[in-house]
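K.L.:
Please see the structure below; I have some questions.
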Amino acid sequence: MVFQRQQDDKLFYHIARSHMYWGRKHTDGLYKIFRETGLKQGDILLEPFCGGGSVVLAALSQGARVLASDVNPMAVFITKTLIKPINLFALQDTFEKVNDYVSKRLLEYYTIFCPACKRKTCFDFLKWSNKSGNDIPEDIKINCTYCGFSKLIPLAKSEISNQLNKANIQPKFWYPKNKIHSRRKTKFNYFYEFFTPRNLAALSELLHAIDKVASGQNKEILHYVFTGMLYSCSLMQMFSKNQPTASSRGWTAPRFYLPSEHQEKNVWKAFEARFKTVLNCKRKTNEILDFVSISDSLKQFENSEDNFYIREADFLKFPFPKNVNISHVFIDPPYKDDIDYLGFSEFWGAWLKMKFNFKSNWNPGSISDEENALKLQRILSRIKDNTDPSCAVTLAFGSRRNWMKDAVSSAGYDLEELIPILYDNSMKRGQRRAQERRNFTAIGQYFLLRQTKKKTKKRFSKLSEKHKNILRFWFRIASFFANRPNQDRQPTPEKIRLHADKLIPPDLQSLVKNLEESEIEEWTKDSKLNRNAYHRLCLTFLSLILSTHRFKIFSAAASRFDDSELKAFFNIKNLPEPHGLARFADFAASDNERNLIFCFYDKKDLKKEKKLKKIAERVNKNDHYAFRTTCFLIVPSTEEMFECRQNEWSVNWPRGFFICFDELITKVKQIAENKFGYLGLPFNNKENFYSKKKIEIFNATILKNSPVGEDQNSQHYKIQFEANELQSVAPGQFVMIDTQKKSKKKAKFNPPVLKSFSDFKRQSSCNITKPLSYLKRPFSIHRAFYEHFKEGYIKNIALPHSLATIAHTVFPNKFDIFYKVIAEGVGTNELKNLKAGDAIQMLGPLGEKQKLANLSLEGVKEVHLIGGGVGMAPLVFFGQGLRYYSFKIKAFIGIQDFNTLLLYKEPLDLGLADNPESSYVYIDDLLNIGLEKKDIYISHEIEKNSCDFKRPNLPDKNYHHGFVSEQYESFIKKSSQRSEKLIIACGPTLMLKALMRITKKYKVRMQVLMEKRMGCGIGVCMSCVCPTKKNNQNQYSRVCVDGPLFDAECIDWERI
Amino acid sequence: MTASGTSGHSNEEIEKLQKSPEILSALGAFVTKGVTLKYKKGNPQPRIVEIRSASGIINSIGLQNNGVKSFVTNELPLLFKFKDPKPVIVNISADTVQEFGEVASFLNNCALSEIVSGLEINVSCPNIKAGGVAFGTEPKYVERIVETVKKSIDDRIVVITKLTPNVTDITVPARAAISGGTDALSMINTLRGMAIDIYTGRPFLGNKTGGLSGPAIKPVGVFMVYECFKKISQCKKGKIPIIGIGGISTWQDAMEYIMAGATAVGIGTAWFIYPEVFKEVYEGMKNFVEKQNKKIADFIGKAHA
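Line order of the protein sequences matches chains Y and X. The first sequence begins at 281 in our numbering and counts up by one. The second sequence begins at 7 in our numbering and counts up by one.
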């Protein structure tokens, strides 16, 4: 996005107040100009007269790279200081150090006895009057630190002589002794004469302190603060009768002006106040500019990523870069002849020991119009000679200066007026009641300069009809995306172009440059046609994807795609209107067995929600979970899909799937690389919307917590809980559970915010003989359930693989965890005792997110899940995910005793428990997620009489007595095409080691889900590490963030 | 006001903090986990064990980290990205006195040194063989280390010395650190501890012994802060502020530390369990203080009055 910066009144206010350098452009106005001229990220902007630096700041914040020049060293200093991001804390810290070092001594200069409490305090300012010819102190503004007395009072007679004495001291440190060069000087010849001896002494001491204490960038900022307040500490600070206690608004006079009544300000207080202003300013600028790298030389700028270079010299000698292309120029020449920028700047610069070069100064007021015109003409010619004709030159224009017009035309430019840039000038001066008298003042006009030449005729006509159609089609789609999410406004041609760049085939790219803006506008003004183009593109893409799975699109609603112009490009025949089940849908596809129904949805379509519900209801009624007919909803962006997948929204589309355009385009790039490989991504910068880690701490409600096994002394338990926050969980991820029950009462009073964990722990810890858990415990997810999908649905789903990888359902909201209670374990025993309805706190989802869909890209077709004991639990979730992507799955379960798998039923249910078909955990689950009985293998270690145990009803050859690794070895021996197979294993270390030997022997890839004792789960405590090998180096990797799924090769099996 | 405990320096955690502005806003400073000169792979497993009755954990990580170079290139820049920058205090550790100086000067001279506003010298980790507690209990070493570190850095960087509680009299190493020139003291590090698995008859931890942290050690910490504040005049006058760390998990705990004489408090272990603890401690303290119409500074060392 180009114009990510919002308008921000406050920003300019803070910049303007931080330093009273003149003529800063309002940032809002600048953003408007940049929008008009089409400044994009990475463009290079040249600013020959950078002055106060707000243009540089605004351009940089838009992502542009900036070259600047100014002859005034003070302007260079201010610009650099303004834009460079700074650590505010370090800055504050430095200020505190200066404060410690010098403030007491400075304040000592300004002491007086408080008239109210008679204690010694310091004053804010002293009012001097020059009416009688001599400077006499008259009034004093006291702000007592002890009693809070704050008033401007006449100075007592006895105090006058006292203050006169005090004010007459000799500075101890260096101060500038420069002569004033400006021709607009007053009676003084030297800069130091502008200060009372006392203030001169204080200022020199303060500057000395800054130089001594601060260093680097912090010092620069403090210098900035120092010069910023310098004027207000001088004799030029006038005393206003209307606002006696306020200080004047700044240096607006066109000369060094000495008022008859002036304030002698307390230097330290002025410094402190100005520091706060600058701090606020830097806080604002830090926000919009997080990266600024200033080059030392133009060469460095050309050859690096640096985004700023400034040259302190006459612009006529500016060496233009040769290797990079300047695409924008913003030129704001001095045309207000009433301010002697350079001469006045020396008032500040002298204190910083800057050298001013008065020879190259351009002061329009002092020379004739002809000379001015010549000067501007030379500058513009130089710009013209060194830039492309396409370079956008913006000129700020003193409207009454005719000589500027002459200079522009003789330099070979045409003027083209930009929209008048208006802004509220009052903010700059820091007027309090800016809201009330908000009079907009136009300061100067802005013109875009275009090079004068014969206008090229519209080359558009040269395009063939076919090319024209194609370009128009893509531009319409670009326009559709360019004005999302607020579709009311017509997007600017630049924005459309930006999007179109990513869409238009490379062989046509060259034609785009010749298009006129007006053509683009003409093409894209009808938002309905734009949308239809987008619909047609989706249809085309989906037909492409489906054709790889022998699906055919057989009907499409004409009204959604109706655009006679489009047909020329995508040769889709006139399809019949959808009928039957798909009557309300937008288009439908079929492979003679299964039907797929597609609908479009985007946020604006309010009416559509009802329609969608109707479609979904009809389909579900007829389909009965057979998934012979499946509905898909196509949404334009990932964010919108995210909203649709929430449980609340999905009532409109129960049991349907969602596809977002971002993923659709990625998939098409994959499938048809030669045709669509060029397509650019992403449309919106939120590509990583899902992959971003979103770890939350939340409450979950337990729905069920029951033992598994043949009797109540079972060690295995299955817990089911409900939590909407865990929606983005993926196989292999886990949660950290606080195994202690959260008291319901608290949760009721404070539903969203949880009280401190130790509150409830304290309540329950009165029984000191009972061990209590302190840390959270990690548990893998065993199963995930979806609100609108019946258990076992996945058995029937058989989506075409490439469609499955981009189709999503609603988020899961119920989860199972399968755990084994360890006799002496604290956490699992606590967990065991939880009842349905209890709330527990958990943190999740944790661990690296696996992209199962990508496995097929790696050539994997069949996945073997090998689990030992409870190690099988997380693998069931893997199975669920893999099954959805239509991978072949075989499961190998290693268990000590079958009976531990037997689902415990209440005594009344005994009759049901006898039925061996549906009462084994794991096997049930695996069958539920669509595995067939022949694909489930089981090994048991304990031999039992066949009458003693109820054996799950699996084929005989799937049984093995012994270790699961033995069974697997005999299986893999017989199988072929081992490179297409992948093992995902979890279980005891011994089992994993045995499997490792087998995989090495038979060359099968294996991934291992590691289990470790954990402290925090978020990678902080480093207690869950597992020894790994990386580049032949031994190291420890954290299971909680680097895993828990590792490639078996990475693990250092010898050290484990 | 609230200083973070020595809790991790991993990228993930920083990213996580960035995403939770309200937690971040309650933080006064960010202290990283210990950084050493070179890569350290850490102690054998298991490394962490919880103790009965919800009172704490014993850990023995052994300062696993990738060394100061990797820290500066990979992790420090992330801290710089905070919108509202927090002062960064880097916890440093080493095996020899010279190494302390080297790590400190490296941090002082690195490209991003401007965001490092303090160094916390770890002279007290119980989980490394050389150094650690060995240094922390010998006053003359403490003094030399602090001196060396102080010499290798600019004045702008604050030096905090983290003291071990594994001594008879905390004021001895504290005085040594002060005479070495430390700017602040933080106490306490973990207490040495051990846990044995009675079913196997072997120690739980891979390193056999470890450091105890969590609510169990809070009374020890409060006492030690109290001792230092009472007996060391520089602390009492506020010249050397004390950062109270050890077992804080509620705002009440934090107030105890403040009243014992701490100027700031740090939270470590509780954060593992409850990430929003910073916010709650901050808000709890704020409420408590505001209800009485006072400033937090009024409570520092109140228990001594």
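C-beta: ideal position from N, C-alpha, C; glycine also.
For residue 152 of chain X, which option in X:274, X:172, X:125, X:175 has the closest C-alpha, if you only look at C-alpha atoms?
P.N.:
Comparing Cα-Cα distances from residue 152 of chain X to each of X:274, X:172, X:125, X:175, the minimum goes to X:125.
K.L.:
Below 6 Å CB to CB, which residues in the same chain sit around residue 389 of chain Y once its five sequence neighbours on both sides are set aside?
P.N.:
Cβ within range, chain order: 478, 482.
K.L.:
Taking only the alpha-carbon atoms, compute the straight-line gap between residue 910 of chain Y and residue 919 of chain Y and give it to the nearest angstrom.
P.N.:
Looking at the two C-alpha atoms, the distance is approximately 23 Å.
K.L.:
Would you tell me roughly how many angstroms separate the C-alpha atoms of residue 831 of chain Y and residue 1290 of chain Y, rounded to the nearest one?
P.N.:
Answer to the nearest angstrom: the Cα atoms are 41 Å apart.
K.L.:
Quick one: what's got a C-beta closer than 6 Å to residue 188 of chain X's C-beta in the same chain, skipping five residues either side?
P.N.:
152, 165, 167.
K.L.:
What residues from chain X crowd round residue 1055 of chain Y, counting only those whose CB sits closer than 7 Å?
P.N.:
In chain order: 56, 63, 278, 279.
K.L.:
Among the residues of its own chain, which have a CB less than 7 Å from the CB of residue 1080 of chain Y, if the five just before and after it don't count?
P.N.:
Contacts found: 826, 829, 831.
K.L.:
To be precise: take each residue of the stretch 371 to 405 of chain Y, compare its Cβ to all Cβ atoms of chain X, and keep it if any distance is under 8 Å. Which residues remain?
P.N.:
Listed by position, the residues of the stretch 371 to 405 of chain Y near chain X (Cβ gap below 8 Å) are 373, 374, 377.
K.L.:
To be precise: take each residue of the stretch 1303 to 1319 of chain Y, compare its Cβ to all Cβ atoms of chain X, and keep it if any distance is under 9 Å. Which residues remain?
P.N.:
So the list reads 1303, 1304, 1305, 1306, 1307, 1314, 1315, 1316, 1318, given in the order they occur along the chain.
K.L.:
Any C-beta of chain Y sitting closer than 8 Å to the C-beta of residue 1 of chain X?
P.N.:
Outside the shown range of chain X (7 to 311) lies residue 1 of chain X, about which nothing can therefore be said.
K.L.:
Compare the C-beta of residue 1296 of chain Y against all C-beta atoms of chain X and say whether one is closer than 8 Å.
P.N.:
For residue 1296 of chain Y, the answer is yes, since a Cβ of chain X falls inside 8 Å of its Cβ.
K.L.:
Taking CB distances under 8 Å as the criterion, tell me whether residue 977 of chain Y reaches chain X.
P.N.:
Yes, because at least one Cβ of chain X sits closer than 8 Å to the Cβ of residue 977 of chain Y.
K.L.:
With a 10 Å radius around its C-beta and 16 neighbouring C-beta atoms as the bar for buried, classify residue 1201 of chain Y as buried or exposed.
P.N.:
With 16 or more other Cβ atoms within 10 Å, it is buried.
K.L.:
Does chain X have any CB closer than 8 Å to the CB of residue 345 of chain Y?
P.N.:
False, the Cβ-Cβ gap to chain X never drops below 8 Å.
K.L.:
For the alpha helix (DSSP H) holding residue 279 of chain X, just list the boundary residues, first then last.
P.N.:
Residues 275 to 279.
K.L.:
Taking residue 686 of chain Y as part of the alpha helix (DSSP H), name the residues at either end of that continuous run.
P.N.:
Element bounds for residue 686 of chain Y: 682 to 690.
K.L.:
Using a Cβ-Cβ cutoff of 7 Å, what residues of the stretch 1267 to 1297 of chain Y are near chain X? List them in chain order.
P.N.:
From the stretch 1267 to 1297 of chain Y, only 1293, 1295, 1296 have a Cβ closer than 7 Å to chain X.
K.L.:
Let me see if you follow: with CB-CB separation under 8 Å, is residue 76 of chain X close to chain Y or not?
P.N.:
Residue 76 of chain X does not count as touching chain Y.
K.L.:
Would you check if the stretch 456 to 466 of chain Y and the stretch 318 to 335 of chain Y touch, i.e. whether three or more CB-CB distances between them fall below 8 Å?
P.N.:
Contact between the stretch 318 to 335 of chain Y and the stretch 456 to 466 of chain Y is absent, because fewer than three Cβ pairs lie under 8 Å.
K.L.:
Mapping the DSSP letters down to three states, classify residue 1294 of chain Y as helix, strand or coil.
P.N.:
Of the three classes helix, strand and coil, the one that applies to residue 1294 of chain Y here is coil, per DSSP.
K.L.:
Near residue 586 of chain Y, which residues of its chain fall below 8 Å by C-beta distance, leaving aside the five closest residues on each side in sequence?
P.N.:
So the qualifying residues of the chain are 345, 573, 574, 575, 580.
K.L.:
Which residues, in order along the stretch 1102 to 1132 of chain Y, keep a beta-carbon less than 7 Å from a beta-carbon of chain X?
P.N.:
Answer set for the stretch 1102 to 1132 of chain Y: 1104.
K.L.:
Report the residue from Y:838, Y:893, Y:640, Y:1156 whose alpha carbon sits nearest the alpha carbon of residue 868 of chain Y.
P.N.:
Measuring from the Cα of residue 868 of chain Y, the nearest candidate turns out to be Y:838.
K.L.:
To the nearest angstrom, report how far apart residue 1030 of chain Y and residue 1117 of chain Y are at their CA atoms.
P.N.:
A caution first: residue 1030 of chain Y carries a pLDDT of 37, below 50, which makes its placement in the model unreliable, though a value can still be read off. Rounded to whole angstroms, residue 1030 of chain Y to residue 1117 of chain Y spans 17 Å at the Cα level.
K.L.:
Please confirm if the stretch 1262 to 1277 of chain Y is in contact with the stretch 1299 to 1316 of chain Y, defined as three or more CB-CB distances below 8 Å between the two stretches.
P.N.:
Verdict: no, contact absent.
K.L.:
Please report the Cβ distance between residue 1054 of chain Y and residue 244 of chain X, rounded to the nearest whole angstrom; I am assuming they are in contact, meaning their Cβ atoms lie under 8 Å.
P.N.:
The pair is not a contact, with the Cβ atoms about 35 Å apart (cut-off 8 Å).
K.L.:
What's the gap between the Cα of residue 1136 of chain Y and the Cα of residue 228 of chain X?
P.N.:
Taking the straight line joining both Cα atoms gives about 59 Å.
K.L.:
Could you tell me whether the Cβ atoms of residue 976 of chain Y and residue 1005 of chain Y are closer together than 8 Å?
P.N.:
Result yes, Cβ atoms of residue 976 of chain Y and residue 1005 of chain Y sit closer than 8 Å.
K.L.:
Which residue marks the beginning of the alpha helix (DSSP H) containing residue 894 of chain Y, and which one marks its end?
P.N.:
That run of the alpha helix (DSSP H) goes 888 to 903.
K.L.:
Determine whether the Cβ of residue 1334 of chain Y lies closer than 8 Å to any Cβ atom of chain X.
P.N.:
By this cut-off, residue 1334 of chain Y is not an interface position.
K.L.:
Would residue 820 of chain Y and residue 755 of chain Y be called neighbours here (beta carbons separated by less than 8 Å)?
P.N.:
No, these two residues do not count as a Cβ contact at 8 Å.
K.L.:
For chain X, find out if any of its Cβ atoms is closer than 8 Å to the Cβ of residue 369 of chain Y; answer yes or no.
P.N.:
Taking Cβ atoms only, chain X reaches closer than 8 Å to residue 369 of chain Y, which makes this a yes.
K.L.:
Does the beta-carbon of residue 299 of chain Y, which I'm using as the reference point, lie nearer than 7 Å to any heavy atom of the ligand SAM?
P.N.:
With respect to the ligand SAM, the structure offers nothing, as it holds no ligand at all.
K.L.:
So residue 240 of chain X contacts chain Y; which residues on that side make the cut at Cβ distance below 8 Å?
P.N.:
Those within 8 Å of residue 240 of chain X in chain Y number zero; the least Cβ separation is about 16 Å.
K.L.:
DSSP puts residue 1326 of chain Y in a beta bridge; with which residues?
P.N.:
DSSP, once it has assigned bridges, lists Y:1288 as partnering residue 1326 of chain Y.
K.L.:
For residue 445 of chain Y and residue 405 of chain Y, what's the separation of their Cα atoms in angstroms?
P.N.:
When rounded, the distance between both Cα atoms is 16 Å.
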